[in-house]
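K.L.:
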Amino acid sequence: MKLKSLLLGSVAAVGLSTTAFAADLSTVVSSFDVCEDLGISGTLQIASTDDCLQISGEVKYEFIWGDFAGSANITDPVSFNNARRTIDDNNDSGVAAENMDWQNDLDWWLMFVGSASSEFGTAKAVIKLSDWGDERDIVNEQPALAKDELINTVQLDEAYVSVGDGTTLVAGKRDTSVLKDGDDTPFGFIGLFNSDAVDSGVGVLDGVLDIKTKGRVIQLYHAVGDSGVTLSGGLEALDDVTVIAGTYAAAGTAIGTIAYAAPDGALNGYMSFAAGGFLDGTIEDWLARGAATATFDNFKVRGAFAYGSDDNGATTAWNGLVTAEGTFDIFTLAAAAEFADRSDVANDPMWGASLTGSAAVTDQVTIQAGFRYLNPTTAADDETWQAALKLIAKLTDTLTATGEVGYYAVGTAIPATNADGTFYGKAELAWKPGGQFETSIAGEMNSLGAYKTTFKASKKFD
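All you need for the working numbering is the position in the sequence shown, starting with 1, plus 91.
#1: In this structure, what does DSSP give as the bridge partners for Gln-145?
#2: Val-254: which of Asp-488, Val-269, Gly-205 and Ala-431 sits nearest, CA to CA?
#3: Leaving out five residues before and five after Asn-181 in sequence, what residues of the same chain have Cβ atoms less than 7 angstroms from its Cβ?
#4: Assign Glu-127 to one of two classes, buried (16 or more other C-beta atoms within 10 Å of its C-beta) or exposed (fewer than that).
#5: Taking the alpha carbon of Asn-466 as the reference point, which residue from Ser-549, Gln-477, Ala-460 and Thr-457 has its own alpha carbon closest?
#6: Less than 6 angstroms between C-beta atoms, sequence neighbours within five positions excluded: which residues of the same chain meet that for Thr-134?
#7: Using a Cβ-Cβ cutoff of less than 6 angstroms, which residues in the same chain neighbour Ser-434 once the five nearest sequence positions on both sides are dropped?
#8: Could you check the C-alpha separation between Val-252 and Leu-326 for me, to the nearest Å?
#9: Would Ser-132 be called buried (16 or more neighbouring beta carbons within 10 Å of its own) or exposed?
#10: Going by alpha carbons, who is nearest to Gly-448 out of Ile-532, Gly-343 and Phe-278?
#11: Tell me which residue opens and which closes the alpha helix (DSSP H) that Ser-286 is part of.
#12: Roughly how many whole angstroms lie between the Cα atoms of Gly-347 and Gly-306?
#13: May I ask you to report which of helix, strand or coil DSSP gives Phe-211?
#14: How would you write the range of the beta strand (DSSP E) that Asp-432 sits in, first residue to last?
#15: Which residue or residues does DSSP assign as beta-bridge partners of Gln-310?
#16: Whole angstroms are fine: how far does the CA of Thr-418 sit from the CA of Ala-314?
#17: What whole-angstrom Cβ distance do Tyr-464 and Val-295 have, given they're in contact under 8 angstroms?
#18: So what's Leu-589 in DSSP terms, helix, strand or just coil?
#19: Taking one C-beta from the region 284 to 294 and one from the region 363 to 371 each time, how about it: are there three or more such pairs within less than 8 angstroms?
#20: Could you check whether the Cβ of Phe-546 sits closer than 6 angstroms to any heavy atom belonging to the ligand ADP?
#21: Mind checking whether Ser-268 and Gln-246 have CB atoms under 7 angstroms apart?
#22: Whole angstroms are fine: how far does the CA of Ala-500 sit from the CA of Ile-178?
#23: Please check the pair Ala-460 and Leu-482, which I expect to be a contact at CB under 8 angstroms, by giving their CB distance rounded to whole angstroms.
#24: Under a Cβ-count criterion, where at least 16 other Cβ atoms within 10 Å of its own Cβ denotes burial, should Ala-235 be classed as buried or exposed?
#25: Nearest by alpha-carbon distance to Ala-548: which of Glu-474, Leu-358 and Gly-526 is it?
#26: Which residues does DSSP list as the beta-bridge partners of Leu-490?
#27: So what does DSSP say about Asp-256, is it helix, strand or coil?
#28: Give the range of the beta strand (DSSP E) segment to which Met-191 is assigned.
#29: Whole angstroms is fine: what's the gap from Thr-276's alpha carbon to Val-413's?
#30: Can you check which of these residues, Leu-311, Gly-282 and Ile-302, is closest to Thr-258 by C-alpha distance?
#31: Measuring straight from C-alpha to C-alpha, what distance separates Ala-426 and Thr-373?
#32: In the DSSP output, what is Arg-176 paired with across the bridge?
#33: Round the Cβ separation of Met-202 and Lys-219 to the nearest angstrom and send it over; I've been treating them as touching at under 8 angstroms.
#34: Taking Gln-455 as the reference, which of Ala-428, Thr-491 and Ser-445 has the closest Cα?
#35: Tell me the rounded alpha-carbon separation between Glu-416 and Leu-424.
Have a look at this one:
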């Protein structure tokens, strides 16, 4: 039951007993009209005469148990992002493989949004709190950690104000950047190797480029009429600095973005530019990123790219991908390809590709198959490929079972634990009974001897 209904019912019950309280009832009713006048509905809300306060949040818990603390390489260590792609292994840095590992992860956030009308549009104040570091891995690689040690610290994620509707000004601490991302994920459930390493999209110079975003910001957004075009610009990371040669530098990022979303949804995309380190008077880093998705009847086509330059061009990198998807009756086919290169890694442009297929056998059962390949360097026998088969079964309206088996083939030039490749299998049972509550239990194992069981539960409210 909505808080509004509860409060109105309580006030009405008491107010009917006295004439004096009848006036208070009209005051409470009119205060709730503030939320309705602002177009706010369907949220947990408290209203005063001028302001509507929305409250939302989420709690998530995850527990993992098994033997999984080690890792094995599945791609070459000298790769685009200077990082190996790995899978779980039970070799815990020399500790006996039969020793068990476990992990607890508790996450929560709580957001308050106070809204009021103004001559320029809706005025808002936003405060978001969350946990920080309430997580502890107890693994055999870290025997010095106290097993009863937990970190509980509340952190301020966001605290900002905004005003406007078609044109909006934002200032304060914010976890959203003017620098756009998204619309750059490859179609198909198996994805791409490098795309996975840069958060399922395109990215450059991980750990090198000092383009900092979010944090303390001043942002301006403008919707150009009903054209679907949005212009935005901002100064971000105004509180974040990097110390270079004993002085503060690389502080502050200037960002501009133009985005388009067609009213019929047939085309959407964006182009973003960022210049990092302007506060000290010298711009050291540059970043450009763009993506677009077009839909034609049963087909979708997407392209995305990113380009970065660090230390006034001392290091440069680019990363791009193209992907397409088509639906034919019960079948869906998807393909994707990625390309990347960076000047500080001695290799020709790396590339990868994937191909996936999906068949809705019945309304309740879907089968998916996928294959992906990565050639990270020009060295001989350093390629990686993966094949996977996945089954999704909707057992009831609220219960879904998922199973997947697959194989990683790893080149002998990659220092992997099992140079001949690795088999894996995993299964999950997910339950969504409603009320924004979700829970699942999953199991996973591979031929390297690693295995784990994962339990998750979460609830949102708004």
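Just so it is clear, CB atoms sit at the ideal spot from N, CA and C, and this is done for glycine as well.
P.N.:
Answer, in terms of the structure:
#1: Gln-136 and Val-204
#2: Gly-205
#3: Asp-158, Phe-159, Gly-161, Ala-188, Leu-539, Gly-540 and Ala-541
#4: exposed
#5: Gln-477
#6: Gln-145 and Asp-553
#7: Thr-406 and Thr-407
#8: 15 angstroms
#9: exposed
#10: Phe-278
#11: 284 to 288
#12: 16 angstroms
#13: coil
#14: 422 to 433
#15: Val-261 and Gly-325
#16: 33 angstroms
#17: Actually they do not touch by this definition, with Cβ atoms about 21 angstroms apart.
#18: This structure does not reach residue 589, given that the chain is present from 92 up to 553, and the question cannot be answered.
#19: no
#20: Absence of the ligand ADP is noted for the structure shown, with no ligands found whatsoever.
#21: no
#22: 12 angstroms
#23: 10 angstroms between Cβ atoms; not a contact.
#24: Per-residue confidence for Ala-235 stands at a pLDDT of 44, beneath the threshold of 50, marking its modelled position as unreliable; no derived number is given.
#25: Gly-526
#26: Trp-522
#27: coil
#28: Counting along the chain, Met-191 falls outside any beta strand (DSSP E), and DSSP gives it neither H nor E.
#29: 9 angstroms
#30: Leu-311
#31: 42 angstroms
#32: Per DSSP, none; premise fails for Arg-176.
#33: 4 angstroms
#34: Thr-491
#35: 6 angstroms
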